[in-house]
Amino acid sequence: MGAGKPLIIVHGLFGSADNWFSIARELEKNFTLYLVDQRNHGDSPHTADWTYADMAEDLRELMSDEGISTANFMGHSMGGKTVMTLALKHPGLVDKLIVADIAPRFYPIHHQRILEGLNAIPVNDLKSRKEAEDILAQYIQTPGIRQFLLKSLGRGDNGGFKWKVNLPVITEKIANVGEAMDANAHFDKPTLFMGGENSDYILETDKKDIEQLFPSSHLIYIKNAGHWLHAEQPAAVIETVRSFLNKT
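The sequence shown lines up with residues 1 to 248 when you count with UniProt numbering.
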């Protein structure tokens, strides 16, 4: 959607392209927006291969298919690591980089409870979305998180339910999501790390790694926002993104 320099936006774990639709609507006057479903998410193909190298190559293939020579990129959480991987491996493809609430370091597995809840839902025998939410509520107390996760519960061709996410592969390979970026690589072009003020994903101790891998970067925090900063403070995110990308 939109017109102008390409901006490719990449969602996080258990998410999909439509997580960023309202943000994109506000940016389409200035940029051509490409909202991506990463592999094993949304409407994109399911595959047993699921690493940041794989997902970065998916973006490179997308650019080739769309005839895009260079683009700006923004990624949230897992998507942030995908766009970091692309920038570090193929810096010539990336003009400016925005990383939303994730650092380049290793993160230990911390999604076990979510995976337990999703795997407890008998998707093939499910009668209603309400049944799925009732089961998930036994594992996830926050209604907003449950609603976000259940966006990945779609309808199959036979009228029943199916997961849009590749739940078996994500469950098996969840450790891949915490993988650190290549410490021997670097991306010298303008980079913005945008953290949530109330989130613990980007810590003070992460600044050294960020500056080493992304020497032309700066870090800001969005006030009154947690990890889902684009959902909690959309106006601030939109203004921050627009200002950064328009800066010469």
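Glycine residues also receive a C-beta, built at the ideal position from the N, C-alpha and C atoms.
### Task
Report, in whole angstroms, the separation of the C-beta atoms of residue 199 and residue 218, which I expect to be a contact under 8 Å.
Position 199 of the sequence shown, counted from the start, is the residue given in the question as residue 199. Position 218 of the sequence shown, counted from the start, is the residue given in the question as residue 218. That pair is no contact at about 17 Å.
### Task
Consult DSSP for residue 231 and reduce its assignment to one of helix, strand or coil.
Against the sequence shown, residue 231 aligns to sequence position 231. Looking at residue 231 - three-state DSSP - the assignment turns out to be helix.
### Task
Count the other C-beta atoms from every protein chain shown that fall within 10 angstroms of the C-beta of residue 58, then say buried if there are 16 or more, exposed otherwise.
For the purposes of this step, residue 58 is taken as the residue at position 58 of the sequence shown. Counting Cβ neighbours within 10 Å, residue 58 comes out buried, since at least 16 surround it.
### Message
Can you check which of these residues, 210, 225, 24, is closest to residue 106 by C-alpha distance?
### Response
Here residue 106 is taken as the residue at index 106 of the sequence shown, counted from 1. Taking only the C-alpha atoms, the option nearest residue 106 is 210.
### Message
Considering only the alpha carbon of each residue, which of 110, 135, 187 lies closest to residue 212?
### Response
Residue numbering aside, residue 212 sits at position 212 when the sequence shown is read from its first letter. Out of 110, 135, 187, the CA that lies nearest to the CA of residue 212 is found in 187.
### Query
Taking the continuous alpha helix (DSSP H) assigned at residue 209, which residues delimit it?
Within the sequence shown, numbered from 1, the residue matching residue 209 stands at position 209. Residue 209 -> alpha helix (DSSP H) spans 207-213.
### Message
Using C-beta distances below 6 Å, list every residue in its chain close to residue 9, excluding the 5 sequence neighbours before and after it, in chain order.
### Response
As a position in the sequence shown, residue 9 is number 9, starting the count at 1. Correct list, in chain order: 20, 35, 74.
### Message
Using a Cβ distance threshold of 8 Å, determine whether the segment 152-169 contacts the segment 42-61, with at least three qualifying pairs required.
### Response
yes
#### Entry: Rounded C-alpha distance that separates residue 147 from residue 247
One-based indexing of the sequence shown puts residue 147 at position 147. One-based indexing of the sequence shown puts residue 247 at position 247. Taking the straight line from one Cα to the other gives about 36 Å.
### Message
Could you tell me the alpha carbon to alpha carbon distance between residue 80 and residue 120, rounded to whole angstroms?
### Response
Along the sequence shown, one-based indexing puts residue 80 at 80. Along the sequence shown, one-based indexing puts residue 120 at 120. Distance between the alpha carbons of residue 80 and residue 120: 29 Å.
### Query
What did DSSP end up calling residue 176 once you bin it into helix, strand or coil?
Within the sequence shown, numbered from 1, the residue matching residue 176 stands at position 176. DSSP places residue 176 in helix when its eight states are reduced to three.
### Task
Give me the Cα-Cα distance between residue 22 and residue 87, rounded to the nearest whole angstrom.
As a working note, residue 22 is residue 22 in the sequence shown. As a working note, residue 87 is residue 87 in the sequence shown. One alpha carbon belongs to residue 22, the other to residue 87, and they sit about 25 Å apart.
### Task
Could you tell me the boundaries of the beta strand (DSSP E) in which residue 194 lies?
Numbered from 1 along the sequence shown, position 194 holds the residue referred to as residue 194. Per DSSP, residue 194 belongs to the beta strand (DSSP E) from 191-196.
### Task
Can you check DSSP and say which residues form a bridge with residue 163?
Translated into positions along the sequence shown, residue 163 becomes position 163. Under DSSP, residue 163 shares a beta bridge with 153.
### Query
Taking the DSSP output, what are the residues bridged to residue 21?
Within the sequence shown, numbered from 1, the residue matching residue 21 stands at position 21. DSSP output for residue 21 lists no bridge partner at all.
#### Entry: Rounded Cβ spacing between residue 118 and residue 149 (contact assumed at less than 8 Å)
To locate residue 118, count along the sequence shown from 1; it is residue 118. To locate residue 149, count along the sequence shown from 1; it is residue 149. Rounded, the Cβ-Cβ distance is 7 Å, consistent with contact.
### Message
Measuring alpha carbon to alpha carbon, tell me which residue in 225, 124, 190 is nearest residue 158.
### Response
By 1-based counting over the sequence shown, the position of residue 158 is 158. Nearest of 225, 124, 190 to residue 158, Cα basis: 124.
### Query
Buried or exposed: residue 103, going by 16 or more other Cβ atoms within 10 Å of its Cβ?
Locating residue 103 in the sequence shown gives position 103, where the first residue counts as 1. Residue 103 comes out buried.
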